[in-house]
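Mapping of the sequence shown onto my numbering: residues 823 to 1158, in sequence order.
Where is the CB? At the ideal position from N, CA and C, for every residue including glycine.
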Amino acid sequence: MLLLPALAIAAPAGGVTKAKGTVLYKSGPGGSYRPLAAKQVINEGDWLKTGKDGWIELTLSDNSRFTIANNSELEIQSYLVSKTRKTGSFGLTQGKLRASVMKLAGQQTDIKVKSSTAVAGVKGTEFFMLTQGPANVFFGNEGTVTVSGSSGGSEPLPADTMTQTTRGAKPTASVRVDQGTPLAKAKLDFEAATGSLPPAQWGDSDNLANIIARWNINHGHYLADSGRHDEALQVFQVALDLTTLADVRADARLERGSVYGRFLDHPEAALAEYLLVLEEYNKIPQMETALYSAGQTLYDMGRTDLAKARFKQYLNEYPEGKHRSSVETLLKMLEQ
């Protein structure tokens, strides 16, 4: 009885103003998901979830708006608004959202959108956020967002730029989203998935992580050639954490191996990347380069017997391979 008055005067955080497809709701982390009711009122501690065709527009009490795309889950951790201050914390456990946070004159704004490994600090702006496993990708749309890794370090995200992080690391330096690039295509697909209406088909939204992962291969290669080796390694790791596509993951491991071997004088780490390609995948083109690179790395490390074994394996599996001449030369040197 003593609790009832407090509950009665507690203002809701907002309400669901639009929804389509498979959309679910639960109250508290221990609750069970159930179908979302029309114009569902949302309070602190509530969770929203979309299925493979689901889409939700959440309008907060100050008219800020969170649009949640398909295959996403959002927790409303806290939200408090007064005439002079607005604070809130939201947890995106997976998926894609657009956050449009209102900024009013004379009102201090401190809104945070979190994943398990990153935080976006918002003062009044609009941005896009994708969370997949430990990887996070952010696109700025209006104003500037401050993006941080859970292990420390932050990066400003102005409009029309992108930053990303994985496994709690400091976010990468923001890059411009130039028109006509794969990154621009990804941002357009993000806008379509979180617009004022859901898209007719979800194929482009579902492929977003793969598009960004592929772009990361080229971007990481550029960073490595520019001497930004740690950033390159992180970008390749983001690619690995974003996608399950075998060819992209194999390319990322080959690139990481190259950075470790060519630039950082860390042959053991390079060898580990090449061996992972050989162990994880079957009959993809990248295996030829991984096998040759493993043999070359073992040769450079002075592990002659293991190097011989890998080179002989290469000639057996790729008798007309592109590295055949180099392998035959190295084998002759080892046998002498």
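C-beta contact flag for T988 and L979 at 7 Å: Taking 7 Å as the Cβ cut-off, T988 and L979 do not qualify as a contacting pair.
L1067, enclosing alpha helix (DSSP H) - first and last residue: Run containing L1067: none; DSSP gives neither H nor E here.
Cα-Cα separation between K874 and S1027, rounded to whole angstroms: 10 Å
Nearest chain B C-beta to D1011 closer than 7 Å, yes or no? The question asks about chain B, but that chain is absent: this structure has only one protein chain.
S973: buried (16+ other C-beta within 10 angstroms of its C-beta) or exposed? S973 comes out exposed.
Between K842 and W877, how many whole angstroms is the CB-CB distance? I'm expecting something under 8 Å. Your pair K842 and W877 checks out as a contact, with CB atoms roughly 5 Å apart and the cut at 8 Å.
Grouping DSSP H, G and I as helix and E and B as strand, with all else coil, what is K1154? Of the three classes helix, strand and coil, the one that applies to K1154 here is helix, per DSSP.
Only counting the same chain, and skipping five residues up and downstream in sequence, which positions put a Cβ closer than 7 Å to that of H1051? V1081, F1085 and L1086
Checking the sheet assignment: what are the DSSP bridge partners for V1060? Answer by DSSP bridge pairing: none, since V1060 is not bridged.
Which value, in whole angstroms, describes the spacing of the CA atoms of D982 and G962? 5 Å
Going by DSSP, which residues form a beta bridge with T889? DSSP lists E879 and R920 as partners of T889.
Where does S894 fall in DSSP's three states? coil
Through-space distance from A1008 to V999, alpha-carbon basis: 10 Å
What's the gap between the Cα of K1144 and the Cα of L1005? 32 Å
Could you tell me the boundaries of the beta strand (DSSP E) in which F1085 lies? Counting along the chain, F1085 falls outside any beta strand (DSSP E), and DSSP gives it neither H nor E.
The region 1026–1041 touching the region 1063–1073, judged by at least three CB pairs closer than 8 Å: yes
Below 8 Å on the Cβ atoms is my guess for T839 versus E879; work out the distance and round it to an integer in Å. 5 Å
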